[in-house]
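Novice: If you read the sequences in order, they're chains A and B.
When you line the first sequence up against this note's numbering, it's residues 23 to 380, in that order.
When you line the second sequence up against this note's numbering, it's residues 23 to 380, in that order.
Note that CB positions come from ideal geometry on N, CA and C, so glycine has one too.
What you are looking at is a predicted structure, and each value in this text was computed from that prediction instead of being measured.
Dumping the structure here so I can ask a few things about it.
2 protein chains.
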Amino acid sequence: MEQATRRSTIADVARAAGVSKAAVSFAFNTPERLSSDTVARIRGVAAGLDYRPDPVARMLAQGRTGTVGILTPQALDVIFANPYFGEFAAGVATAAEAAGLAVQFISPLHGSLARAVDRASVDGIIAVGLGADHPEIGQIRRSGIPYILVDSTALPDEPAIVVDDEAGARAAAAHLVTLGHRRLLVIGIEPPSAGAAAEPAWVTSRRLRGYRAAAGDAGIAIQEDAVVLGPASMEGGIEAFHQAWAAGQRPTAVLAMSDAMAIGAMRAARELGLRVPADLSVVGFDDLNVAQYTDPPLTTVNQPNRQKGEEAVRLVIDGGTRRNPLEPAQHQFATHLVVRGSTAIVPPLRQEVPDSKA
Amino acid sequence: MEQATRRSTIADVARAAGVSKAAVSFAFNTPERLSSDTVARIRGVAAGLDYRPDPVARMLAQGRTGTVGILTPQALDVIFANPYFGEFAAGVATAAEAAGLAVQFISPLHGSLARAVDRASVDGIIAVGLGADHPEIGQIRRSGIPYILVDSTALPDEPAIVVDDEAGARAAAAHLVTLGHRRLLVIGIEPPSAGAAAEPAWVTSRRLRGYRAAAGDAGIAIQEDAVVLGPASMEGGIEAFHQAWAAGQRPTAVLAMSDAMAIGAMRAARELGLRVPADLSVVGFDDLNVAQYTDPPLTTVNQPNRQKGEEAVRLVIDGGTRRNPLEPAQHQFATHLVVRGSTAIVPPLRQEVPDSKA
DNA sequence: ACGGTCCAGTAAACCGGTTTGCTAAACCGT
DNA sequence: ACGGTTTAGCAAACCGGTTTACTGGACCGT
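Written out as structure tokens, the structure reads:
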């Protein structure tokens, strides 16, 4: 019932204008192939019937969809909870619009990412945060659609966009060490699939290596119990800090692997009566836009969020073009520390409740 | 060159399995129509060829795309700059995934929203923030695709999801008045198209009415020069506050129409040496997730951002179903004030530099 | 042995465009 | 008046599936 009047098709227009379907098609796509008055007439008739070429039929005939897909292993609602993704998506959107492409999101459908990939009609796929344990990469490759991985170094031969996580993390930790901090707490991002936590290519592992390297240079060891994981959101940060505190951790500084979590950690710390940065220094990762507006403004590691999105679109548009084995498949962006107000020199030693069993 | 091997089609599978195309189709979609061993054989052959039904062809044949579109009059990169949209989109994504639908974004393509609508292959459209001056509404309606407007009361007969802006704004202003504030500054959202600022249905107009109503109840008038507009982002809030300050405004409280702008305003105020809330109270609008994590936590007007997104999907799936003239086309959600830490009793009168020409 | 149901599978139409190859007419210079 | 080149437009194939109508054989009860 809902379709009051069936949409008019190209055949309707052709009939009404007394021409062939081909002519109608030409009138819109290659008007120079027709006499200008015929074009005008056809267009007139088409407008009268308010004809609009069916995009799906056009896709099928042309073999292109004019769409890029952003693929994420997490559900979209958790994805959107982290502003990091918003900034990345903004970059994708900018470049996509410049190229005349629409943007579609591909996320697990009824729990299955594979199914979602199958249903997706896109010319290219930008896959963010896929680990090596995700078989969908093979699925995508086999499908023949150009794709690019973002934030996954898991498979060094796959085309990917990454950032220098280790260097960034190193700079963050070095900054804290320089300020005199020795009791560090790391708040990391928990992997989508539980098993992958140990994977050395997982972002948390990469950044942790950087933290440990800088700490190690100063003779500090970051123990396993000084590393706590959670989802990359503000809630995740709160939760993680409270959990660490409850477990007896009494850090003077926090290394958070995401700004969202860093913000959460600052919040949690404040709830526990700690002042930032007087009692506790906090360093984030991402340099989200909001990092400038927190109180205090967040010291963090900058990575070019939007730019990564833009570059991803460009590379995926290139498709297989850059199949030059000389240049590396991975495009790496630099990271750098941005010092703001959430870090300060280590507080003088205070009386501490000795709740460790020593 | 990039397509090493052409993707195998249903015809290839049919040939290889020695059956008809129809049989292959049945094997996947209606297996009960075939003997179970035939199904198994076909599936086996298909897997061997790693056949994957072309989603576009399927869409064309079935006449459905399995996709909902989120339409925005602004470019996606500006949209994503406001977390409000992220939360709304998260709601849409949740409901869409539950219904097995993909999500596609529709935003102006090369400056033309109409063009973007034409290219979009979706079963339903969720249009956010479209004003009455947007002719695309007519275009969408004519296309016969189910649609729903969000945040636009412009056209009372169109199906829409709105919130009680006026009541929310009223509560916000009443709160400030109760705290003794009399010098109020309003920071509003500038419309996408310049002309629409005056439109009484534009969100800024609606909320302004609420502010004025509450102020008026207390005998306070909000003058035109105490209303400044900007884009709904943190930068917009900063800019707006500085602009007002430069123009000589010395408010004791700010009514911001978006949390993002409120956060920006707090920031700007702090830069000017004002303490929030001791010297300046700030009330936002939206109750974004981040509003809990700012410092101080933001007093704001809650509206159900995610829920609006979920409801939008539901309504659009219903399509024309609810063409019951009895129930109103507009679905309105309630708003309510959430008092946190950014508002306080008005500060005692202080010495003020008289930079107005009085 | 017979007509009637079921069952498994097929052929072909269909979705709504694009694109290729062709034709008939107009136009060209000589 | 004529062969050669454009020009304008058409018919039909094609993209890759789904779906309808149909068929031949197996199975059924009597």
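Just to confirm, is the Cβ distance from D309 of chain B to V323 of chain B under 8 Å?
Specialist: Taking the first residue of the second sequence as position 1, residue 309 of chain B is located at position 287. Taking the first residue of the second sequence as position 1, residue 323 of chain B is located at position 301. In this structure, V323 of chain B lies closer than 8 Å to D309 of chain B by Cβ.
Novice: In whole angstroms, what separates the C-alpha of S364 of chain A from that of I242 of chain A?
Specialist: Here residue 364 of chain A is taken as the residue at index 342 of the first sequence, counted from 1. Here residue 242 of chain A is taken as the residue at index 220 of the first sequence, counted from 1. Using only the alpha carbons, I get a separation of about 22 Å.
Novice: Apart from the five residues just before and just after A115 of chain B, which ones in its own chain have a Cβ nearer than 7 Å to its Cβ?
Specialist: By one-based count along the second sequence, residue 115 of chain B stands at place 93. For A115 of chain B, where only same-chain residues beyond five positions count, the Cβ hits under 7 Å are V125.
Novice: Given a threshold of 16 other Cβ atoms within 10 Å of its Cβ, counted over all protein chains shown, does T357 of chain A qualify as buried or as exposed?
Specialist: Numbered from 1 along the first sequence, position 335 holds the residue referred to as residue 357 of chain A. Under this definition T357 of chain A is a buried residue.
Novice: Give the DSSP bridge partners of H132 of chain A, in chain order.
Specialist: The residue you call residue 132 of chain A lines up with position 110 of the first sequence. According to DSSP, H132 of chain A bridges with nothing at all.
Novice: Tell me N324 of chain A's beta-bridge partners as DSSP assigns them.
Specialist: Mapped onto the first sequence, residue 324 of chain A falls at position 302. N324 of chain A pairs with A:D308 and A:H358.
Novice: Give, in chain order, every residue of the stretch 74-107 of chain A whose Cβ lies closer than 7 Å to some Cβ of chain B.
Specialist: The stretch 74-107 of chain A vs chain B, Cβ under 7 Å: R74, P77, V78, A79, M81, L82, T87, G88, A97, L98, D99, F102, A103 and P105.
Novice: So, does the stretch 142-155 of chain B touch the stretch 72-92 of chain B, judging by three or more C-beta pairs under 8 Å?
Specialist: The stretch 142-155 of chain B vs the stretch 72-92 of chain B: in contact.
Novice: For V35 of chain B, which of B:R55, B:R65 and B:P53 has the nearest alpha-carbon?
Specialist: The residue given as residue 35 of chain B occupies position 13 in the second sequence. Residue B:R65 is the option with its Cα nearest to V35 of chain B.
Novice: Would you report the Cα separation of G427 of chain A and G40 of chain A, rounded to the nearest angstrom?
Specialist: Residue 427 of chain A cannot be examined here, being either before or after the span of chain A that is shown, 23 to 380.
Novice: Along chain B, which residues have their Cβ under 8 Å away from the Cβ of A124 of chain A?
Specialist: On the first sequence, residue 124 of chain A is found 102 positions in, with the first residue counted as 1. Residues of chain B passing the Cβ test: Q126, F127, I128, L131, A138, R141 and A142.
Novice: Using C-beta distances below 8 Å, list every residue in its chain close to A237 of chain B, excluding the 5 sequence neighbours before and after it, in chain order.
Specialist: Along the second sequence, one-based indexing puts residue 237 of chain B at 215. The answer, listed in chain order, is A195, V199, L206, A243 and I244.
Novice: Is there a Cβ of chain B sitting closer than 8 Å to that of D308 of chain A, yes or no?
Specialist: Looking up residue 308 of chain A in the first sequence gives position 286. No, D308 of chain A does not count as interfacial toward chain B.
Novice: Quick check: the Cα distance between D239 of chain B and L371 of chain A, rounded to an integer number of angstroms?
Specialist: By 1-based counting over the second sequence, the position of residue 239 of chain B is 217. By 1-based counting over the first sequence, the position of residue 371 of chain A is 349. Going from the Cα of D239 of chain B to the Cα of L371 of chain A covers about 56 Å.
Novice: Could you confirm whether any beta carbon from chain B is found closer than 8 Å to the beta carbon of T321 of chain A?
Specialist: By one-based count along the first sequence, residue 321 of chain A stands at place 299. For T321 of chain A, the answer is no, since every Cβ of chain B falls outside 8 Å of its Cβ.
Novice: Between R292 of chain B and the rest of its own chain, which residues show a CB-CB distance below 8 Å, the 5 nearest in sequence each way excluded?
Specialist: Counting from 1 along the second sequence, the entry for residue 292 of chain B is found at position 270. The answer, listed in chain order, is V298.
Novice: For L359 of chain B, which of B:R141, B:L320 and B:A334 has the nearest alpha-carbon?
Specialist: As a working note, residue 359 of chain B is residue 337 in the second sequence. When each option's Cα is compared against that of L359 of chain B, the closest is B:L320.
Novice: Taking only three categories from DSSP, how would you classify A124 of chain B?
Specialist: Taking the second sequence and counting its residues from 1, one reaches residue 124 of chain B at position 102. A124 of chain B falls in the strand class under three-state DSSP.
Novice: Chain A beta carbons: is any one of them nearer than 8 Å to that of S227 of chain B?
Specialist: Working through the second sequence from its first residue, we reach residue 227 of chain B at position 205. No, no contact with chain A.
Novice: Below 7 Å CB to CB, which residues in the same chain sit around V67 of chain A once its five sequence neighbours on both sides are set aside?
Specialist: Start at 1 with the first residue of the first sequence, and residue 67 of chain A comes out as number 45. Excluding residues within five positions, the ones whose Cβ falls inside 7 Å are V35, A38 and A39.
Novice: If we cut at 8 Å on Cβ distances, does N311 of chain A have a partner in chain B?
Specialist: Taking the first sequence and counting its residues from 1, one reaches residue 311 of chain A at position 289. Interface residue, yes.
Novice: Considering Cα atoms alone, identify which of B:Q325, B:I367 and B:A351 is closest to T424 of chain B.
Specialist: As displayed, chain B neither begins before 23 nor continues past 380, which places residue 424 of chain B out of reach and without an answer.
Novice: Whole-angstrom Cβ separation of S215 of chain B and D155 of chain B, contact assumed at under 8 Å?
Specialist: Stepping through the second sequence from its first residue, residue 215 of chain B is reached at position 193. Stepping through the second sequence from its first residue, residue 155 of chain B is reached at position 133. Yes, they are in contact, since the Cβ atoms of S215 of chain B and D155 of chain B sit about 6 Å apart, within 8 Å.
Novice: Looking at Y73 of chain A: is its Cβ nearer than 8 Å to the Cβ of N327 of chain A?
Specialist: Taking the first residue of the first sequence as 1, we reach residue 73 of chain A at position 51. Taking the first residue of the first sequence as 1, we reach residue 327 of chain A at position 305. No, they are not a contact pair.
Novice: In its own chain, which residues sit with a C-beta less than 7 Å from the C-beta of G202 of chain A, not counting the 5 before and 5 after it?
Specialist: By 1-based counting over the first sequence, the position of residue 202 of chain A is 180. Cβ neighbours of G202 of chain A beyond the five flanking positions: I367 and V368.
Novice: Could you check the C-alpha separation between I167 of chain A and G341 of chain A for me, to the nearest Å?
Specialist: In the first sequence, residue 167 of chain A corresponds to position 145, counting from 1. In the first sequence, residue 341 of chain A corresponds to position 319, counting from 1. If you take the alpha carbons of I167 of chain A and G341 of chain A, they lie about 8 Å apart.
Novice: Quick check on this structure: which residue in B:T316, B:V172 and B:D76 has the alpha carbon closest to the alpha carbon of S30 of chain B?
Specialist: Locating residue 30 of chain B in the second sequence gives position 8, where the first residue counts as 1. Closest option to S30 of chain B, Cα to Cα, is B:D76.
Novice: Are the beta-carbon atoms of G160 of chain B and P95 of chain B separated by less than 8 Å?
Specialist: The sequence position of residue 160 of chain B within the second sequence is 138, counting from 1. The sequence position of residue 95 of chain B within the second sequence is 73, counting from 1. No, the pair does not count as a contact, with Cβ atoms beyond the cut-off.
Novice: CB-CB under 7 Å to A266 of chain A, same chain, minus the five flanking residues each way: which ones, in chain order?
Specialist: Taking the first sequence and counting its residues from 1, the one referred to as residue 266 of chain A is at position 244. If we look at A266 of chain A and ignore the five residues flanking it on each side, its Cβ neighbours are L207 and V250.
Novice: Which two residues bound the contiguous alpha helix (DSSP H) that contains L230 of chain A?
Specialist: On the first sequence, position 208 is the one that residue 230 of chain A refers to. Here the alpha helix (DSSP H) through L230 of chain A covers V225 to D239.
Novice: Take the Cβ of Q271 of chain A as the centre, count every other Cβ of all protein chains shown within 10 Å, and call the residue buried at 16 or more, exposed below.
Specialist: As a working mapping, residue 271 of chain A is identified with position 249 in the first sequence. That one is buried.
Novice: Q25 of chain B CB to nearest chain A CB: under 8 Å?
Specialist: Taking the first residue of the second sequence as position 1, residue 25 of chain B is located at position 3. Legend: pLDDT at Q25 of chain B = 42, less than 50; position of this residue unreliable, value from coordinates given subsequently. It does; some Cβ of chain A falls within 8 Å.
Novice: Can you tell me whether L421 of chain B is helix, strand or coil according to DSSP?
Specialist: The displayed coordinates of chain B run from 23 to 380. Any statement about residue 421 of chain B would go beyond what the structure contains.
Novice: Using a Cβ cut-off of 8 Å (strictly closer), state whether D72 of chain A contacts chain B.
Specialist: The residue you call residue 72 of chain A lines up with position 50 of the first sequence. Cβ-Cβ to chain B under 8 Å: yes for D72 of chain A.
Novice: Run down chain B in chain order and give the residues with a C-beta less than 9 Å from the C-beta of S165 of chain A.
Specialist: Sequence index remark: in the first sequence, residue 165 of chain A carries index 143 (1-based). R29, D72 and R74, listed in chain order.
Novice: Name the chain B residues whose beta carbon is nearer than 9 Å to that of M279 of chain A?
Specialist: Here residue 279 of chain A corresponds to residue number 257 of the first sequence, with the count starting at 1. Those within 9 Å of M279 of chain A in chain B number zero; the least Cβ separation is about 17 Å.
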